[in-house]
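**Student:** Here the protein sequences come in this chain order: A and B. As numbered in the working numbering, residues 1 to 248 make up the first sequence, in order. As numbered in the working numbering, residues 1001 to 1189 make up the second sequence, in order. Here a beta-carbon is modelled for each residue, glycine too, at the ideal position from N, C-alpha and C. Pasting a structure here, questions to come.
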Amino acid sequence: MTAAANLTSACGPRIEFDGIDLTLGRTRILENVRFSVAPGSVHAIVGPNGGGKSSLIKTLLGQMPHQGQLTLHWPGEREVIGYVPQALEFDRGLPMTVDDFMAAMCQRRPAFLGLSRRVRPQIDAALQRVGMLDKRKRRMGALSGGERQRVLLAQGLIPEPQLLVLDEPMSALDEAGIQVFEQLLHGWRRAGTTVLWIEHDLEAVLRLADRVTGLSRQVLFDAPPAQALTPERLLGLFSVHPRSESLA
Amino acid sequence: MSRAQVVRPAGAGHETLYVLLAAVLIVVLAASVVAVRGEREDEQAIAAHQLDARRDLNAAEQGIHTDLWVAVEEIRALREDNGVAPDAQALAAEGLPPFVSDASSQSRGSHQWSLLANGAYLGRSQDAQVAGSFLVILPAASDAQPDVWLRRDSTALPPDALDSDALIAAGWQQIVTHYDAGVTRQHRH
């Protein structure tokens, strides 16, 4: 059974952010964040650096001492969240191949014993989908930034997620990688996987997202991309003193 | 099947609660064990005719009392060797305090020791201001503790009988030692 075969049965959850506040130390990072992510949609979050996008995702993953109600409404029995981080921090000289990394992420068996027979087909399929199958014996440190990002995408596919959380997946991708990512995104949309996607590339958001939320400490807008990504709103979003307009 | 999963804030709040609950549980357990199994050890009261060896004797008397406890072991050994109890002169010849006359015995009242016909040793104080007179009754059993009596007036006549009532009537007081919470260095079972 391949990851691609699993896709058809997936159905993503609805996510409700209901008045999320997050304060770390004395810094107010999120302030009354209130929006919802429709099941099976591709929901983009845009905003300036330090606007709280990554903190919002960590809150969703249960790693932040937030206040407010954050609820995931799962429609089915499978409740798998896939997470693709922004970057992977590790020593470049680490003798860890792509296969080792996938084994460490996807199986219980120790990675130095090789790939488990049970997850090997899934790992093969995932690497195939991101176009890294022929580089699976390469050291992680020897990969380019885009290739490493593809490997991170691949580990997010195993096991088959119903909710996929992506933290700027395209920032390091090259042209071919972006093609791969867009194919994956179409696949997730067909399969009904909910995708929460932080992105800087507004053109990609406009093209690929179903809905976009502008976040700069608070929600500045939450609308379909064609309505949301107007010059006025974007100027407001990326200005030093962001002003909310969609809260009213 | 649909399910709403609430994402709980990360933090040590509930862990702190669990640790506090565990601590309370431990305290309650310890308190109940103490309440169920604990025993009170109050100070033992001593009778009117008795003296506490630690509190009621002066320095000279305490010294003699301690020496007597050691000497009784020797007296027992000699009695077992020779079949008869050694008299006071023999003990003095052995150099055994408090029977020997030396500087310390003189400073403690220069007791005149003698073996009475009834088997007790009597030490008559020559200076009742410094220390009282002692009467030592050796027990019959080899492991029993010696019975030591004290009399603080100067007319320490040999007692007619060695039973407690007669000694009490004659004005002797029994020196007792006991183990209670006030004792820290001496532990006898």
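According to the neighbour-count rule (16 or more other Cβ atoms, all chains shown, within 10 Å of its Cβ), is G47(A) buried or exposed?
**Tutor:** Position 47 of the first sequence, counting from 1, holds the residue named residue 47(A). Its Cβ being crowded by 16 or more others within 10 Å, G47(A) is buried.
**Student:** If distances are taken between C-alpha atoms only, which option among P159(A), L127(A) and G146(A) comes closest to K137(A)?
**Tutor:** Residue numbering aside, residue 137(A) sits at position 137 when the first sequence is read from its first letter. Of the listed residues, the one whose Cα sits closest to K137(A) is L127(A).
**Student:** Are the segment 70-88 of chain A and the segment 158-178 of chain A touching by the rule of at least three beta carbon pairs closer than 8 Å?
**Tutor:** yes
**Student:** Measuring only the C-alpha atoms, how far is F221(A) from K58(A)?
**Tutor:** For the purposes of this step, residue 221(A) is taken as the residue at position 221 of the first sequence. For the purposes of this step, residue 58(A) is taken as the residue at position 58 of the first sequence. Their Cα atoms are separated by approximately 21 Å.
**Student:** Quick check: what's the CA-CA separation for L237(A) versus Q183(A)?
**Tutor:** The residue you call residue 237(A) lines up with position 237 of the first sequence. The residue you call residue 183(A) lines up with position 183 of the first sequence. Distance between the alpha carbons of L237(A) and Q183(A) is about 29 Å.
**Student:** Does the distance from the CB of L196(A) to the CB of H43(A) come in under 8 Å?
**Tutor:** In the first sequence, residue 196(A) corresponds to position 196, counting from 1. In the first sequence, residue 43(A) corresponds to position 43, counting from 1. Yes.
**Student:** Would a C-beta distance cut-off of 8 Å place L94(A) and M64(A) closer than the cut-off?
**Tutor:** Start at 1 with the first residue of the first sequence, and residue 94(A) comes out as number 94. Start at 1 with the first residue of the first sequence, and residue 64(A) comes out as number 64. In this structure, M64(A) does not lie closer than 8 Å to L94(A) by Cβ.
**Student:** First and last residue of the alpha helix (DSSP H) that includes R217(A)?
**Tutor:** Start at 1 with the first residue of the first sequence, and residue 217(A) comes out as number 217. Note, R217(A): premise wrong, no alpha helix (DSSP H); not H, not E.
**Student:** Counting Cβ pairs closer than 8 Å, one from the segment 29-42 of chain A and one from the segment 223-236 of chain A, do we hit at least three?
**Tutor:** no
**Student:** Please compile the residues from chain B whose C-beta is within a distance smaller than 8 Å of the C-beta of L258(A).
**Tutor:** Given that chain A is displayed from residue 1 to residue 248, the structure contains no residue 258(A) and the question cannot be resolved.
**Student:** Going straight from the alpha carbon of E175(A) to that of L143(A), what length do you get?
**Tutor:** Stepping through the first sequence from its first residue, residue 175(A) is reached at position 175. Stepping through the first sequence from its first residue, residue 143(A) is reached at position 143. Cα to Cα, the separation comes out at about 16 Å.
**Student:** Residues in the same chain with beta-carbon distance under 7 Å from Q1089(B), minus the five sequence neighbours each way, listed in chain order, please.
**Tutor:** In the second sequence, residue 1089(B) corresponds to position 89, counting from 1. Nothing meets the Cβ criterion.
**Student:** With a threshold of 8 Å, are at least 3 pairs of Cβ atoms found where one atom belongs to the segment 1082-1100 of chain B and the other to the segment 1043-1062 of chain B?
**Tutor:** no
**Student:** Is P161(A) close to chain B, meaning its C-beta is less than 8 Å from at least one C-beta of that chain?
**Tutor:** Residue numbering aside, residue 161(A) sits at position 161 when the first sequence is read from its first letter. Not one chain B Cβ lies under 8 Å of P161(A).
**Student:** How should F90(A) be labelled, buried or exposed, when 16 other C-beta atoms within 10 angstroms of its C-beta is the threshold for buried?
**Tutor:** Start at 1 with the first residue of the first sequence, and residue 90(A) comes out as number 90. By the 10 Å Cβ count, F90(A) comes out exposed.
**Student:** Note down, one range per segment and in chain order, each beta strand (DSSP E) of at least 3 residues found wholly within the segment 1064-1140 of chain B.
**Tutor:** Entirely contained in the segment 1064-1140 of chain B, the beta strand (DSSP E) runs reaching 3 residues are, in chain order, 1112-1115, 1121-1124 and 1133-1137.
**Student:** What residue range is occupied by the uninterrupted alpha helix (DSSP H) comprising S1164(B)?
**Tutor:** Position 164 of the second sequence holds residue 1164(B). S1164 to A1170 is the span of the alpha helix (DSSP H), which, as asked, contains S1164(B).
**Student:** What are the boundary residues of the beta strand (DSSP E) that includes T71(A)?
**Tutor:** Position 71 of the first sequence holds residue 71(A). Here the beta strand (DSSP E) through T71(A) covers Q67 to W74.
**Student:** For a quick check, are the C-beta atoms of L1051(B) and L1150(B) less than 8 Å apart?
**Tutor:** Counting from 1 along the second sequence, the entry for residue 1051(B) is found at position 51. Counting from 1 along the second sequence, the entry for residue 1150(B) is found at position 150. Yes, the Cβ-Cβ distance between L1051(B) and L1150(B) is below 8 Å.
**Student:** Where S9(A) and L70(A) are concerned, what is the direct C-alpha to C-alpha distance, given to the nearest angstrom?
**Tutor:** Taking the first sequence and counting its residues from 1, the one referred to as residue 9(A) is at position 9. Taking the first sequence and counting its residues from 1, the one referred to as residue 70(A) is at position 70. In this prediction, S9(A) scores a pLDDT of 46, lower than 50, which makes its location untrustworthy; the coordinate-derived value is nonetheless stated afterwards. Rounded to whole angstroms, S9(A) to L70(A) spans 25 Å at the Cα level.
**Student:** With DSSP as the reference, label V1007(B) as helix, strand or coil.
**Tutor:** Within the second sequence, the letter at position 7 stands for residue 1007(B). When DSSP states are grouped into helix, strand and coil, V1007(B) belongs to the coil group.
**Student:** Just the chain A side, please: which residues come within less than 9 Å of S1032(B) by C-beta, in chain order?
**Tutor:** For the purposes of this step, residue 1032(B) is taken as residue 32 along the second sequence, with counting starting at 1. None at all; the shortest Cβ gap to chain A is about 37 Å.
**Student:** What does P268(A) reach in chain B if we use C-beta pairs closer than 7 Å?
**Tutor:** Nothing about residue 268(A) can be read from this structure; chain A reaches only from 1 to 248.
**Student:** Relative to the ligand MG, is the shortest distance from any of its heavy atoms to the C-beta of P1139(B) smaller than 7 Å?
**Tutor:** By its list of ligands, the structure shown contains no ligand whatsoever, and the ligand MG lies outside what it can speak to.
**Student:** Taking DSSP as the reference, what is the three-state secondary structure of T97(A)?
**Tutor:** Within the first sequence, numbered from 1, the residue matching residue 97(A) stands at position 97. Of the three classes helix, strand and coil, the one that applies to T97(A) here is strand, per DSSP.
**Student:** Does DSSP classify E31(A) as helix, strand or coil?
**Tutor:** By one-based count along the first sequence, residue 31(A) stands at place 31. Residue state, collapsed to three classes: strand.
**Student:** Verify whether the separation of the beta carbon atoms of L30(A) and L56(A) is less than 8 Å.
**Tutor:** Reading the first sequence from its first residue, position 30 is the one you call residue 30(A). Reading the first sequence from its first residue, position 56 is the one you call residue 56(A). Yes, the Cβ-Cβ distance between L30(A) and L56(A) is below 8 Å.
**Student:** From L235(A) to A1004(B), what distance separates their C-alpha atoms?
**Tutor:** Here residue 235(A) refers to the residue found at position 235 when the first sequence is read from its first residue. Here residue 1004(B) refers to the residue found at position 4 when the second sequence is read from its first residue. Computed Cα separation, rounded: 37 Å.
**Student:** Are the CB atoms of Q162(A) and C11(A) within a distance shorter than 8 Å?
**Tutor:** Reading the first sequence from its first residue, position 11 is the one you call residue 11(A). Reading the first sequence from its first residue, position 162 is the one you call residue 162(A). Closer than 8 Å, so yes.
**Student:** Determine contact between the segment 1025-1036 of chain B and the segment 1063-1080 of chain B, defined as no fewer than three beta-carbon pairs at a distance below 8 Å.
**Tutor:** no
**Student:** Taking DSSP as the reference, what is the three-state secondary structure of G82(A)?
**Tutor:** Walking along the first sequence from the start, residue 82(A) turns up at place 82. Strand.
**Student:** Thinking just about the alpha-carbon of each residue, which of F101(A), R109(A) and D210(A) is nearest to the one in R150(A)?
**Tutor:** For the purposes of this step, residue 150(A) is identified with residue 150 of the first sequence, where counting begins at 1. Put simply, of F101(A), R109(A) and D210(A) the residue whose alpha carbon is nearest the alpha carbon of R150(A) is F101(A).
**Student:** Under a Cβ-count criterion, where at least 16 other Cβ atoms within 10 Å of its own Cβ denotes burial, should H1014(B) be classed as buried or exposed?
**Tutor:** Within the second sequence, the letter at position 14 stands for residue 1014(B). By the Cβ neighbour-count rule, H1014(B) is exposed, with fewer than 16 other Cβ atoms within 10 Å of its own.
**Student:** Can you tell me the Cα-Cα spacing of Q1062(B) and R1076(B), whole angstroms?
**Tutor:** On the second sequence, position 62 is the one that residue 1062(B) refers to. On the second sequence, position 76 is the one that residue 1076(B) refers to. The alpha-carbon atoms of Q1062(B) and R1076(B) are separated by roughly 21 Å.
**Student:** Assuming D210(A) and S41(A) are in contact, meaning their beta carbons sit under 8 Å apart, how far apart are those beta carbons, in whole angstroms?
**Tutor:** Numbered from 1 along the first sequence, position 210 holds the residue referred to as residue 210(A). Numbered from 1 along the first sequence, position 41 holds the residue referred to as residue 41(A). S41(A) and D210(A) do touch by the CB rule: their CB atoms are close to 4 Å apart, below 8 Å.
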